[in-house]
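Input: a single structure, listed below in structure tokens.
Structure follows, in structure tokens:
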């Protein structure tokens, strides 16, 4: 079974919106230089993932309200 996601409007580009959201979260929480993902404190990584989830939900709600 395949899942096909089609935008309702031309201006919606999920990759662009999600990428922007991810970059905003990383910029806000990335507080020093890390050479690898494993060097980032576990709690900070969890905070990043929680922010990603929150931001994704907010974008989904916005998209649904436009639709």
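Numbering (the working numbering), first residue to last: 6 to 72. For glycine and all other residues, C-beta sits at the position ideal for the given N, C-alpha and C.
- If you look at residue 44, you'll find it isn't in any alpha helix (DSSP H); DSSP assigns it neither H nor E.
- If you compare the alpha carbons of 21, 40, 20, 33 with that of residue 53, the shortest gap goes to 33.
- Residue state for residue 65 is assigned as helix, using DSSP reduced to three classes.
- Of 65, 71, 69, 70, the smallest CA-CA separation from residue 23 is found for 65.
- Less than 8 Å divides the Cβ of residue 39 from the Cβ of residue 45.
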